[in-house]
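2 protein chains.
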Amino acid sequence: MNNITMPGRLERNDEVMEPLRKKLYIVGIGPGKKEGMTFEAAEALSRSDCIVGYHVYTELVQADFPEKEYYTTPMTKEVDRCREALALADTGKTVSLICSGDAGVYGMSGLVWQLHGEYPDVDIQVVAGVTAALAGAAVLGAPLIHDFALISLSDLLTPWEKIEKRLRLAAEADFVIVLYNPSSKKRQDYLQKACDLILCHQSPETVCGLVENIGREGETAKVLDLSQLREESVNMFTTVFIGNSQTRVIDGKMVTPRGYTL
Amino acid sequence: MNNITMPGRLERNDEVMEPLRKKLYIVGIGPGKKEGMTFEAAEALSRSDCIVGYHVYTELVQADFPEKEYYTTPMTKEVDRCREALALADTGKTVSLICSGDAGVYGMSGLVWQLHGEYPDVDIQVVAGVTAALAGAAVLGAPLIHDFALISLSDLLTPWEKIEKRLRLAAEADFVIVLYNPSSKKRQDYLQKACDLILCHQSPETVCGLVENIGREGETAKVLDLSQLREESVNMFTTVFIGNSQTRVIDGKMVTPRGYTL
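Protein chains in written order, with my numbering: chain B, 1 to 262; chain C, 1001 to 1262.
Given below as structure tokens:
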């Protein structure tokens, strides 16, 4: 096994990650670029015999961990993917199930815990990662410095009425709002609908931001206002940021001040 | 300069972090343990001449980056800390201003952008990290799998009425809620007040979780219900998780399912 080294005297902490038989790591690999991964995530992958994930994410790590067994499943087959990871671990192999961003934010860790009863001998360890909201915020400036809400616009698993209610109340509460899954082929007008709900409580001049392909090739970012955001076409690789009443543009960046006296 | 190496063929990507004169990195170092830091964060520290931060955080990294100049400021002197970091970078030194968790979530990146006009020649780069909500969620199980809201209970910089409104509306929207800064010496009863507001919309049996000293020595976690949470005493090192109507306990873990058919 290769060790991960850091400058200076950092040592791998064996107490933190004691290898066990029947071990499943659920690993958030960060936003995309390898540098955004934590040392703990890389260590989990390094310790694993098998890596399981959606093919886009396994392709991101395959070059750095070439000697692993890879298992990929299609995007809509999340339940199969989690069962496969648990079943593999149950054979005695050490397995990493990888997710982009953080495994605990619209990721696989919930499903794995739900399915754990089928494979009770498997020891599960979740390894946190940098989710798109945080990575995108770093690109845009500092939009999430204060209270914020994360909302997915995907109604595959959530009734649209519930999503609408959350958008409405989050805007009324003056949260900065981050939208995940803002669009798909079947949901072309959902971002427009979301903006209309937010416009009931926030001004059309509210500062907003878009980041596409965060931390990957073709990363692009844009700062615009809420009325312009309503007319934007976005895709499933876009993360959308809608400011609150205090968010403003400083040096072309999207910044939500926290109230310090300067 | 020491290089960071990963297993396999990962190379430092010089295009991502081109060294510049007058460079200020604003670095989220993750929840505490060194393994929770990203490669990009370690690389920024490694490239820096000076490291600036609150002493608790500089002490976390000092052993691994011993040959740096360290500058510390007290906790309430955030504006001074950011000005000092910018002023140091303006002398031509490469500087990292470090924050625990993510620099963009209740961190210093907002202030630095606000003060940037005083030091316009300094090039700023924010390096995202794993915030306490994500690291704590990985310990508790999978509470944040679906939409959630982050709320700080500190009223030092935010009127309490605004915090109350956000708590009330977030509970009405059935968000999972993460509370930062749930208590301090002057705010002993704020968590109780917050629970009372949430209890207007959520059941006393709502699944909740607490994590103290996330990723540090003395890490403890507890799963309990909302009526029990109301009676808990917490401190400034505790992160509080309040589930939504769907959150439940599985294998002793706090899990918010996303609606998959199993």
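The beta-carbon is built from N, C-alpha and C at its ideal position, and this holds for glycine as well.
- In the three-state reduction of the DSSP assignment, Ser233(B) falls in the coil class, being assigned neither a helical nor a strand state.
- Counting the other Cβ atoms within 10 Å of the Cβ of Lys1022(C) gives 16 or more, which makes it buried.
- Residue contact check for Lys22(B) against chain C: no CB pair falls below 8 Å.
- Close to Lys1077(C), with beta-carbon spacing below 7 Å, lies no residue of chain B; the smallest spacing is near 11 Å.
- For Thr238(B), the enclosing beta strand (DSSP E) starts and ends at 238–242.
- Closest by C-alpha distance to Trp1113(C), out of Val1126(C), Asp1102(C), Gly1101(C), is Val1126(C).
- When rounded, the separation of the alpha-carbon atoms in Glu78(B) and Met108(B) is 7 Å.
- For the options Gly101(B), Pro66(B), Ala89(B), Arg47(B), the alpha carbon positioned closest to that of Arg216(B) is the one of Gly101(B).
- Gln202(B) counts as buried, since at least 16 other C-beta atoms from the protein chains shown sit within 10 angstroms of its C-beta.
- Taking the Cβ atoms as the reference, Val139(B) lies roughly 19 Å from Leu191(B), outside the contact range of under 8 Å.
- No Cβ of chain B is located within less than 8 Å of the beta carbon of Pro1182(C).
- Within its own chain, the residues whose Cβ lies closer than 6 Å to the Cβ of Leu1224(C), once the five positions on either side in sequence are excluded, are Cys1208, listed in chain order.
- The segment 1173–1180 of chain C and the segment 1227–1246 of chain C touch, with no fewer than 3 CB-CB distances between them shorter than 8 Å.
- Scanning chain C for C-beta atoms nearer than 8 Å to the C-beta of His116(B) yields Ile1250, Asp1251, reported in chain order.
- Unbroken alpha helix (DSSP H) runs of no fewer than 4 residues, entirely contained in the segment 1025–1063 of chain C, are found at 1039–1047, 1055–1062, following chain order.
- The beta-carbon separation of Ala133(B) and Val255(B), rounded to 16 Å, does not stay under the 8 Å limit for a contact.
- Judged by DSSP secondary structure, Leu111(B) falls within the alpha helix (DSSP H) whose first and last residues are 109–115.
- Straight-line spacing of the CA atoms in Glu1164(C) and Asp1196(C) works out to 10 Å.
- Per the DSSP secondary-structure output, Tyr1180(C) pairs in a beta bridge with Ser1152(C).
- Ser96(B) sits in a strand when the DSSP states are folded into three classes.
- For the segment 1031–1056 of chain C, the beta-carbon criterion of a distance under 7 Å to any beta-carbon of chain B is satisfied by Lys1033, Lys1034, Glu1035, Gly1036, Met1037, Thr1038, Phe1039, Glu1040, Ala1042, Glu1043, Ser1046.
- Residue pairing of Thr1131(C) in beta bridges, as defined by DSSP: absent, with no partner found.
- The beta-carbon of Ser109(B) is placed less than 8 Å from the nearest beta-carbon of chain C.
- As a beta-bridge residue in DSSP terms, Thr1220(C) pairs with Glu1212(C).
- In the same chain as Glu231(B), and ignoring 5 residues on each side of it, no C-beta atom comes closer than 7 Å to its own.
- Interface annotation, Ala1135(C): in contact with chain B, CB-CB separation under 8 Å.
- Counting only the Cα atoms, Ala1221(C) lies some 14 Å from Val1249(C).
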